[in-house]
Each structure stands twice: as structure tokens, then as C-alpha cells.
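Undergrad:
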Amino acid sequence: MRIRALKDFWSGVMFCGFAAVAIFSARGYALGTAGKMGPGYFPLLLAVLLAALGATLIARSVVLTGEPVSRFHVLPLAVIAAAVCLFGVLIEPLGLVVSLAALTLMSAWAGAQFRLAEALALAAALIVFSVGVFVYALGLPLNIWPTV
Amino acid sequence: MDVISNLGLGFAVALTIQNIAYCFIGVLLGTIIGVLPGIGPVTTVAMLLPISFTLQPESALILLAGIYYGAQYGGSTTAILVNIPGEASSVVTTIDGHQMARQGRAGPALGIAALGSFFAGCAATLLIALAAPPLATIALQFGPAEYFSLMVCGLIAAVVLARGSLLKAIAMVVLGLLLGLVGTDVNSGARRFNFGMTGLADGIEFVALSMAIYGIAEIVYNLEKQQTASIVAGAVGRVWPSVSDLKRCAGSILRGTALGAILGVLPGGGALLASFAAYTLEKKVATPPRQFGYGDIRGVAAPESANNAGAQTSFIPMLTLGIPGNPTMAMLIGALMIHGIAPGPRVMTDRPGLFWGLIASMWLGNLMLVVLNLPMIGVWVRLLRVPYRLLYPAIIAFCCVGAYTINNKPFDLFVMGFFAIFGYVALKLDCEPAPLILGFVLGPMMEENLRRALLISRGDPMVFLQEPISLAFLVAAAALLIVIAAPAVRLKRAEVLNE
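If you read the protein sequences in the order shown, they are chains A and B.
Numbering-wise, the first sequence is residues 1 to 148 according to the numbering used here.
Numbering-wise, the second sequence is residues 1001 to 1499 according to the numbering used here.
#1: By Cβ distance, which residues of its chain are closer than 8 angstroms to residue 1201 of chain B, with the 5 residues on each side in sequence left out?
#2: When you compare the CB of residue 136 of chain A with every CB in chain B, is at least one pair closer than 9 angstroms?
#3: Please report the distance separating the alpha-carbon of residue 1207 of chain B from that of residue 1046 of chain B.
#4: Flag this pair as touching only if the region 1398-1415 of chain B and the region 80-89 of chain A have three or more C-beta atom pairs under 8 angstroms; answer yes or no.
#5: Nearest-angstrom Cα distance between residue 1255 of chain B and residue 1113 of chain B?
#6: According to DSSP, is residue 145 of chain A part of a helix, a strand, or is it coil?
#7: From the DSSP output, read off the bridge partner residues of residue 1337 of chain B.
#8: What is the rounded straight-line gap between the Cα of residue 1150 of chain B and the Cα of residue 50 of chain A?
#9: Within this structure, are the beta carbons of residue 1358 of chain B and residue 1038 of chain B separated by less than 9 angstroms?
#10: Run through DSSP, which three-state label would residue 1313 of chain B get?
#11: Take residue 80 of chain A and list the residues in its own chain whose beta-carbon comes closer than 6 angstroms to its own, dropping the five residues that flank it on each side.
#12: Label residue 1466 of chain B either buried or exposed according to how many other C-beta atoms from any shown protein chain fall within 10 Å of its C-beta, with 16 as the threshold for buried.
#13: Decide if residue 1499 of chain B is buried, meaning its Cβ has at least 16 other Cβ atoms within 10 Å, or exposed.
#14: Pull up the DSSP beta-bridge partners for residue 1192 of chain B, would you.
#15: Does any residue of chain B bring its CB to less than 9 angstroms from the CB of residue 38 of chain A?
#16: For residue 167 of chain A, return the contacting residues in chain B, with the cut-off set at a CB-CB distance below 9 angstroms.
#17: In chain A, which residues lie with their C-beta within 7 angstroms of the C-beta of residue 1459 of chain B?
#18: Does the distance from the CB of residue 1396 of chain B to the CB of residue 56 of chain A come in under 9 angstroms?
#19: Which residue marks the beginning of the alpha helix (DSSP H) containing residue 1283 of chain B, and which one marks its end?
#20: List, in order along the chain, the chain B residues whose C-beta lies closer than 8 angstroms to that of residue 20 of chain A?
#21: So does the region 1292-1301 of chain B actually touch the region 1346-1357 of chain B, counting three or more Cβ pairs closer than 8 angstroms?
#22: Who are the Cβ neighbours of residue 1469 of chain B in its own chain at under 6 angstroms, not counting the five residues just before and after it?
#23: Counting only beta-carbon separations shorter than 9 angstroms, does residue 43 of chain A have a partner in chain B?
#24: Would you kindly report the start and end of the unbroken alpha helix (DSSP H) that includes residue 1428 of chain B?
#25: Taking the beta carbon of residue 1483 of chain B as the centre, do at least 16 other beta carbons fall within 10 Å, making it buried, or is it exposed?
#26: CB residue 1035 of chain B to CB residue 1066 of chain B, shorter than 9 angstroms?
#27: Which stretch, first to last residue, makes up the alpha helix (DSSP H) that contains residue 1408 of chain B?
#28: When you compare only the Cα positions, how much space is there between residue 1088 of chain B and residue 1289 of chain B?
#29: Residues in the same chain with beta-carbon distance under 8 angstroms from residue 66 of chain A, minus the five sequence neighbours each way, listed in chain order, please.
#30: What are the boundary residues of the alpha helix (DSSP H) that residue 1367 of chain B is part of?
#31: Starting from residue 104 of chain A, find everything on chain B with Cβ-Cβ shorter than 7 angstroms and list it in chain order.
#32: Can you check which of these residues, B:1309, B:1271, B:1216 and B:1104, is closest to residue 1237 of chain B by C-alpha distance?
#33: Could you pull the DSSP bridge partners for residue 37 of chain A from this structure?
#34: Hey, is residue 1059 of chain B's beta-carbon within less than 9 angstroms of any beta-carbon in chain A?
#35: Would you say residue 1325 of chain B faces chain A, with C-beta separation under 9 angstroms as the test?
#36: Assuming contact is defined by CB atoms lying nearer than 9 angstroms, are residue 1270 of chain B and residue 1305 of chain B in contact in what I supplied?
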């Protein structure tokens, strides 16, 4: 048996994975009855449905043909996702200036055409704009500088 | 006349200096992001949600709505001049629009796109004003069973009209529904799917989720593609189409508007589907000689009218039923809820100023857009020269600041990081994100209505089949599924959506 529709196969695996996590973590929720539903009723219903859909996708992938999955560009994805999370870590203790600088430089670096001078200028421009618009003009409660 | 007095009230709201200014900012931003490839209305509306906190709800909605329909105008500029769609809904405009630009007819192409959009915008706004009140009156009588079945029908329709694999789209809906249930269950107070994280007690932040998928994941996906943009050099020339062009296009604009207006109301519809369908229809029915693919001006007029009509009428289900037809509408529902307004049929009766003010502002906004797009076309052409490597870090930065300021919660950034990865994987596997977003918004509402309906019927699921309106929705949903599964229709659908 050969898997021919790879995109379908991996989608099915992904959906089954989510369903498995949902079923596993919903095991403690009270089900109740249809007339008096507990917190576990609807989620379990959905999770089982999702698992069935995922399984169908997997089963179908040996029959149908499909395109191969194109290469995953892991590095840009990882750097940008990490930059976003880092922004969340830095924003409260270190304020907008430092966290925006880190975010912009990291995101710019993730692209193929990184130029340091240009990225620094872009970061400076974004910081000036954000402080001006978000903090001063709109009065959003954001720290500008480190508070520690 | 009721409509006229209501519209009078609407214009009284829309024509305050403050709201004219917000409408202008909205359509201006919409045009900008429409012109720029790689950033769409969903991300922009999400970025502006925290700002709209500080506004009156009327102004907030006028501003955010302007972004959506403004983007339809801007998208055509990029499509015609660069052969890259500025928005997904202007993909088909590239076919004939860019050919026209190569033949030195960029001006008339841009002109007919703007004029067609303007006509479609005005006609569709009128349709909202006429169709929304009776629809809301009907919707007021809906009980939980009707609402549940309506949502099922809406989600199925959204899936059927989405591009790509039907099965994957349904799975994305179900996954979205599940993600929508994360957080504290309103009925029992039980915390669901929080994995021991207090940050998930209030559920997954919608803004963070949608910016992660439509903003960040899209950017990473775009970074892989080497874009070789070549702007058609030289002067754009006279933008006003000649009389013979206008005569040639009149029928196309009318057909595009009508088709777009109908498709916009359907869940999953809106601007994207409308433009594809209108182009396909035009290729079949336009009077010969047809030169589609080689710079036929009707190939610009029809889809550009249709996408604007569809963008406008997709407000109808959002305003009357509180049910979003596409991710941008889901975002507007979020904006209403931030202001403590429960979306649904009561908005029109409880807050007529908000409802009619929004409609009146659309007329105003469409007028501003024609002015913005025709005489100022040179400005937008210059904007296209901003390279993507400068643009995308800025988008990421604004997404992050926006996601944080919604709740001042650093945890939301971790949510965004996680779903950025998920969104990228989903894009790679051809799983369309729109059904997931719709499911996410409808998840809690569906559970609530299912629970209430079955509580009233004492657990008898037959209640969904016994109420006539509910039955009608379910039959419609089943019919859609059966029809789409039929091989002949399946091929046709693939043809229409992929052309």
C-alpha cells in the first residue's frame, strides 16, 4: 500500500492529532444527557467527528492521487514564531522600545534579503511610529522603557 | 417611507465631522492595504480593533467596514499594473487587466474598475437598506433550534463555496468549533481544554488567532516565493474610459453587480467568490467579439463590480442574524462585542443609529473611494515600489502590538506564535483557514443553541426536524452537500474556483 495523496494524508494525521488531544483532555468533563448537557457533551461530539474526518482523509489518501507537500522552510517560520513569543516575554518588563527592536530585527533577519543597516533603520522608524501613535496619540497603556 | 426616514437617520449619524473622518481613514487604509500584496483586510481590521476600543461604536464600525470595501478598490490597482492580485478577490482581474496595461490601456482598465465598483457599491448598499429590515424581523422569531440549524446550514455553505478539498474544509470547521470551546464553559463554569494554563481561562483570543493565521503564517508562506514584480512602466494615461468602453461594459457591470450581490449574502461568499463567478459568467454570456484573456475590458468590469457588490452585501447576514459569512465579518462581530453590543436582529431596533449610520457611511465611503482611486492613482503606484522585505517586519510588529493591547495579556502573543506555526502547516497542506475562523466564532453560539433547543425538547433531537424553518435549513444544508458530492458538479466547481 502506498500513500499517494500526501497532503491529504498529513492533514488527516493533523486532524486526528487534534482530536486525540481533545478526547484525552475532555475525559474528566461531565457528559450529562442530551436534554441536560454537561460541559463535555458538545466537545466530545466534535472531537469524535473530527477524528472520523481525519481517519477518512488518511484512508482516502491511498486511493486518490495528489500533489506532494512542498518543502517546509523551518528556519524563517521558527525565527518569526519565536520573535512573536519573545515580544510577549519582553513587552511588560522591558517596554515597547526594546521589544519592538528585538521583534523587528529578528523578523527581518528571517527573510532572505536581510541587510543590517536597513533593518536597523526600519526598527527605528517602527519604534518612533508606534510610540507616537499607540502611546501618545491613542493613549494605550504600554510601557515605553524598561520598568526594572 | 420607512427606508427613507431610516436613511435620513443614517446620514445624520454618518455625516458628523467625526464619522466622515473615520470613514475617510477607513477607506484610505483599505485602499493602501488593497494595493499592497501580502496584507489583507482581516489582518488590518484585527490590528485596528484595539484602537476602535476608544471610539464610539458607530465610528468604530464605520472605520472597520471602510477597510473591507476599500480593499476591493485597491486590489484592482495592483492586479492591473503588476499582474499580482493586491487582494485575493482581484485574482481574476489580473487576467485581462494586466493585458490591457501591457497594451497601454492601463488607464481605462483602472477607470472602469473604479467606476464599476462604485456602481456596484451603491446598488449593493441600497439592497442592504431594503433587504435587511424584513430579514431581521423574520430572524427575531427564531428560537434556539432555528439558530442551530441556520448555523449548520451556514457552515456547510461556507465549506461548499470554499476552494480546495471539501473534506478538509469540513474538518477545519469542526476544528474551529472545538477551538472556540476552549476556556470557561458559561453554563457549568467548568474550565475546558486549558491544559493547566491560566491564560486560556477566557478562551483563545480571536484577534490573536486570526492575525496569526492571516498575518504571520501568510508572511512566512510568502517569504518562500520569490516575487518578481514588474510594474508596467510609463504613464498610466487618461483614466476615464471612453464612451464606447462604457457602452461595452454597461451590461458586464450590471451582471457583475447582480451576481456579486447574491453571492455576497451567502455564507462563505463575499468578494472572493463573487469575482470568480462573475468572470466565468462573463466569458459565457458577453456579446462577441470576446477577447477574454487578451485584454477584454469586460473581463475587468465584471469581476471588479462583483467583488465590491459581494463585499457590501456580505454585511447582510452579519447585521441581521449576527452570523458572519467570512473572516472579516467575524472580526466586525468581535468589534461589536467589544463595545458590549450583542450582534443579531436586535441591533437594528435597539441601535438604529449604528445600523443605518453604517449603511449611509458606505455610500459616502464609495464616493470617497472613486476620488481616492482615480485622480490619485499615481500615489498608489509609488506605494507599490515599497519592497516586501521592509513591509513584512512592519506588519508583524503591528500585529504583535495589536494582539498585546487587546487584553494587555502577554499570553496572547504565545497563542499567536503557536497558531502561526499551525497556520503555516495548514497552508502547506492546502487546508483553507476561512472555515476554521468561522467555526471558531460560531462554536460557543452553536453549543449554546444546541443545548437550549434540546433542553426545551427534553433531549429529543427530532426537534430540529419538527420546526419548519429549522427543517428547511437542514434540508438546504443536506442538499448542498449531496449536490457538491455529485461528480459533475464537483468538476464544475473545481473549474469555476480554479480558473
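Ideal Cβ positions, reconstructed from N, Cα and C, are used throughout, including at glycine.
TA: On the basis of the data shown:
#1: 1183, 1184, 1191 and 1194
#2: It does not; no Cβ of chain B falls within 9 angstroms.
#3: Roughly 6 angstroms separates the two Cα atoms.
#4: yes
#5: 14 angstroms
#6: coil
#7: For residue 1337 of chain B, which the question treats as bridged, DSSP gives no partner whatsoever.
#8: 21 angstroms
#9: no
#10: helix
#11: 107 and 110
#12: exposed
#13: Reliability fails at residue 1499 of chain B, whose pLDDT of 49 lies under 50, so the model's placement of it is uncertain and no value is given.
#14: B:1183
#15: yes
#16: In the structure displayed, chain A extends from 1 to 148; residue 167 of chain A sits before or after that span and is not available.
#17: 33, 34 and 35
#18: no
#19: 1271-1285
#20: None at all; the shortest Cβ gap to chain B is about 12 angstroms.
#21: With the cut-off at 8 angstroms, the region 1292-1301 of chain B and the region 1346-1357 of chain B do not touch.
#22: 1146
#23: yes
#24: For residue 1428 of chain B, the enclosing alpha helix (DSSP H) starts and ends at 1411-1428.
#25: exposed
#26: Taking C-beta atoms as the reference points, residue 1035 of chain B and residue 1066 of chain B fail to come closer than 9 angstroms.
#27: From DSSP, residue 1408 of chain B is part of no alpha helix (DSSP H); its letter is neither H nor E.
#28: 28 angstroms
#29: 4, 5, 6, 7 and 8
#30: 1352-1373
#31: 1393 and 1397
#32: B:1104
#33: A:32
#34: no
#35: no
#36: Not closer than 9 angstroms, so no.
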